[in-house]
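In our numbering, the protein residues as written are 490 to 836. By construction, the Cβ of each residue, glycine as well, lies at the ideal position given by its N, Cα and C atoms. On a predicted model such as this, the values are computed, not experimentally measured, just so you know.
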Ligand code: FE
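Okay, structure coming up:
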């Protein structure tokens with residue numbers, strides 16, 4: 490009899506512990522893999538007692554996995570890079586739109602999803618990156634490449650290197666151009682880019698910077714953090730690359746440089762949505778913003794958080810003018826843009 494009661498008590502305790510343990514773990518699907526992110530998660534666990542269980546994959550892999558898992562998905566929080574991917578996750582219904590005063594106050598409206606009729610938001614940007622132009626300082630005149638439009642100018646024939654047009658970073662840039670120029674002019678511009686290419690699109694952004702340094706390309710397009718990474722490198726070969734290239738934050742005298750985000754959302758079928766929101770709110774706090782942005786040489790997205798990165802300071806001379814169109818609009822244009830790319834033969 491006594492034994493039976495003890496067993497029952499023991500089972501009850503196990504059940505209670507199990508439930509408790511479940512509440513205290515957050516499953517994070519992340520497309521970010523930086524060592525500084527470890528410190529970021531440890532701090533969250535220290536202050537809240539909630540453990541972070543991280544699943545690493547790339548953005549496409551995360552979106553595919555969420556779709557395949559459906560309502561059985563253990564995911565609580567999703568971290569992705571690029572507005573066009575965040576937009577894709579949103580329209581595919583993979584996120585749980587949330588209402589958070591803390592996030593609404595911290596993250597500027599143009600760096601998050603459009604707020605719905607219930608005042609809820611599907612995703613928030615937590616860091617920003619600029620899509621900049623690098624050029625051969627010896628062979629190319631700065632004033633010939635200081636706007637995105639000029640990349641299509643005949644003066645730059647045979648000079649342009651750029652990664653695949655279908656890559657999300659370019660889909661977002663071209664989606665922004667649709668907002669600035671309208672679709673007809675954007676398509677003409679894209680055709681101009683194709684006409685000016687030094688080689689068919691290949692490789693990632695760093696390969697384009699290297700192409701400029703090697704003399705194969707006169708001008709190239711890259712996300713700012715790839716250049717910052719080379720600037721902060723101790724390797725002599727990286728220093729040699731940085732020596733050869735100039736950097737331009739395009740369109741400073743018109744609409745400003747195209748800016749994209751890395752961002753996060755609560756997973757649609759999260760079993761711990763309250764903790765998931767708490768985690769996103771934590772990411773918007775000044776200390777977490779510093780880790781999150783600096784870990785990948787990006788700018789903090791939250792209002793009033795100072796930049797703490799020497800390479801970014803050197804690159805911009807302190808500050809630059811960024812475009813003000815919402816990153817959510819940029820994502821929305823990607824299907825239209827892909828059709829244009831097919832028509833003009835931009836691989
Ligand atoms: Fe990247």
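Rounded C-alpha distance that separates residue 589 from residue 765
Reading the chain shown from its first residue, position 100 is the one you call residue 589. Reading the chain shown from its first residue, position 276 is the one you call residue 765. The straight-line gap from Cα to Cα measures roughly 11 Å.
Is the Cβ-Cβ distance between residue 557 and residue 579 less than 7 Å?
Position 68 of the chain shown holds residue 557. Position 90 of the chain shown holds residue 579. Result no, Cβ atoms of residue 557 and residue 579 do not sit closer than 7 Å.
Minimum C-alpha distance to residue 564 - residue among 574, 529, 519 and 660:
Sequence index remark: in the chain shown, residue 564 carries index 75 (1-based). Residue 564 has its Cα closest to that of 519, out of 574, 529, 519 and 660.
Cβ contact (3+ pairs, closer than 8 Å) linking the stretch 644-662 and the stretch 804-814
no
So, for residue 586: in the same chain, excluding its five sequence neighbours on each side, which residues have a beta-carbon less than 7 Å away from its beta-carbon?
Here residue 586 corresponds to residue number 97 of the chain shown, with the count starting at 1. So the qualifying residues of the chain are 605, 609, 610 and 611.
Cα separation between residue 647 and residue 687?
Within the chain shown, numbered from 1, the residue matching residue 647 stands at position 158. Within the chain shown, numbered from 1, the residue matching residue 687 stands at position 198. If I take the Cα positions, the gap works out to 4 Å.
Extent of the continuous alpha helix (DSSP H) run through residue 680
Here the question's residue 680 lines up with position 191 in the chain shown. Annotation: the continuous alpha helix (DSSP H) that includes residue 680 extends over 672-685.
Could you tell me the distance, in whole angstroms, from the CA atom of residue 700 to the CA atom of residue 706?
What you label residue 700 is simply residue 211 of the chain shown in a count that begins at 1. What you label residue 706 is simply residue 217 of the chain shown in a count that begins at 1. Each residue's Cα considered, the two are about 5 Å apart.
Given this structure, state the Cα-to-Cα distance separating residue 615 from residue 796, to the nearest angstrom.
To locate residue 615, count along the chain shown from 1; it is residue 126. To locate residue 796, count along the chain shown from 1; it is residue 307. Approximately 13 Å between the Cα atoms of the pair.
According to DSSP, is residue 584 helix, strand or coil?
Here the question's residue 584 lines up with position 95 in the chain shown. Residue state, collapsed to three classes: strand.
To test your reading of the DSSP string, which unbroken beta strand (DSSP E) runs of 3 or more residues are found completely within the stretch 607-680?
613-625
Here's a check: name, in chain order, each residue in its chain whose Cβ is nearer than 6 Å to the Cβ of residue 789, leaving out the five neighbours to either side.
As a working note, residue 789 is residue 300 in the chain shown. Result list for residue 789: 778 and 782, in chain order.
Tell me, please, which residues DSSP counts as bridged to residue 519.
Reading the chain shown from its first residue, position 30 is the one you call residue 519. DSSP output for residue 519 lists 545 and 568 as bridge partner(s).
Taking the straight line between their C-alpha atoms, what separation do you get for residue 739 and residue 537?
For this step, residue 739 is matched to residue 250 along the chain shown. For this step, residue 537 is matched to residue 48 along the chain shown. In this structure, the straight-line span from the alpha carbon of residue 739 to that of residue 537 is close to 42 Å.
Could you give the first and the last residue of the continuous beta strand (DSSP E) run that contains residue 709?
Translated into positions along the chain shown, residue 709 becomes position 220. That run of the beta strand (DSSP E) goes 708-712.
Using a Cβ-Cβ cut-off of 6 Å (strictly less than) and excluding sequence neighbours within five positions of residue 567, which residues of its own chain qualify?
If you number the chain shown from 1, residue 567 lands on position 78. If we look at residue 567 and ignore the five residues flanking it on each side, its Cβ neighbours are 518, 754 and 756.
Return the first residue and the last residue of the alpha helix (DSSP H) that residue 595 is part of.
Walking along the chain shown from the start, residue 595 turns up at place 106. Counting along the chain, the alpha helix (DSSP H) containing residue 595 begins and ends at 590-595.
Near residue 510, which residues of its chain fall below 8 Å by C-beta distance, leaving aside the five closest residues on each side in sequence?
Translated into positions along the chain shown, residue 510 becomes position 21. Interpretation of residue 510 is limited by its pLDDT of 46, a score under 50 that renders its predicted location unreliable; no figure is taken from the coordinates.
Is it the case that the CB of residue 610 approaches a heavy atom of the ligand MN more closely than 6 Å?
No copy of the ligand MN appears in this structure; the ligands present are the ligand FE.
Straight-line gap, residue 560 to residue 791 (C-alpha atoms, nearest Å)
The residue given as residue 560 occupies position 71 in the chain shown. The residue given as residue 791 occupies position 302 in the chain shown. Looking at the two C-alpha atoms, the distance is approximately 31 Å.
How far does the alpha helix (DSSP H) with residue 755 in it reach, from first residue to last?
Along the chain shown, one-based indexing puts residue 755 at 266. Unbroken run through residue 755 is the beta strand (DSSP E), 748-755; no alpha helix (DSSP H).
In terms of residues, what are the limits of the beta strand (DSSP E) holding residue 700?
Against the chain shown, residue 700 aligns to sequence position 211. Per DSSP, residue 700 belongs to no beta strand (DSSP E); it is in the alpha helix (DSSP H), 694-703.
According to DSSP, simplified to helix, strand and coil, what is residue 832?
For the purposes of this step, residue 832 is taken as residue 343 along the chain shown, with counting starting at 1. Helix, per DSSP.
Can you list, in chain order, the residues of its chain with a C-beta nearer than 7 Å to that of residue 562? Leave out the 5 residues immediately preceding and following it.
Working through the chain shown from its first residue, we reach residue 562 at position 73. 555, 756 and 758, listed in sequence order.
As assigned by DSSP and simplified to three states, the class of residue 601:
The count along the chain shown starts at 1 and reaches residue 601 at position 112. Residue 601: strand per DSSP, three-state reduction.
Quick one: what does DSSP say residue 784 is sitting in, helix, strand or coil?
As a working mapping, residue 784 is identified with position 295 in the chain shown. The answer is coil: DSSP assigns residue 784 none of H, G, I, E or B.
Starting from residue 820, trace the alpha helix (DSSP H) both ways and give me its first and last residue.
Counting from 1 along the chain shown, the entry for residue 820 is found at position 331. Residue 820 -> alpha helix (DSSP H) spans 816-821.
Through-space distance from residue 572 to residue 824, alpha-carbon basis
What you label residue 824 is simply residue 335 of the chain shown in a count that begins at 1. What you label residue 572 is simply residue 83 of the chain shown in a count that begins at 1. When rounded, the distance between both Cα atoms is 13 Å.
Nearest-angstrom Cα separation, counted from residue 653 out to residue 760
Reading the chain shown from its first residue, position 271 is the one you call residue 760. Reading the chain shown from its first residue, position 164 is the one you call residue 653. Whole-angstrom Cα-Cα distance: 38 Å.
Quick check: the Cα distance between residue 677 and residue 737, rounded to an integer number of angstroms?
Here residue 677 refers to the residue found at position 188 of the chain shown. Here residue 737 refers to the residue found at position 248 of the chain shown. Cα to Cα, residue 677 sits roughly 23 Å from residue 737.
Alpha carbon to alpha carbon, how far is residue 582 from residue 664?
Locating residue 582 in the chain shown gives position 93, where the first residue counts as 1. Locating residue 664 in the chain shown gives position 175, where the first residue counts as 1. Whole-angstrom Cα-Cα distance: 21 Å.
Helix or strand or just coil, what does DSSP make of residue 573?
Along the chain shown, one-based indexing puts residue 573 at 84. If DSSP states are grouped into helix, strand and coil, residue 573 belongs with the helices.
Since residue 662 contacts residue 717 with CB under 8 Å, what's their CB separation in whole angstroms?
Numbered from its first residue, the chain shown carries residue 662 at position 173. Numbered from its first residue, the chain shown carries residue 717 at position 228. The beta-carbon separation of residue 662 and residue 717, rounded to 18 Å, does not stay under the 8 Å limit for a contact.
Cβ separation of residue 820 and residue 575, assumed to be a contact under 8 Å, to the nearest whole Å:
Position 331 of the chain shown, counted from the start, is the residue given in the question as residue 820. Position 86 of the chain shown, counted from the start, is the residue given in the question as residue 575. The Cβ separation is near 6 Å, so the contact holds.
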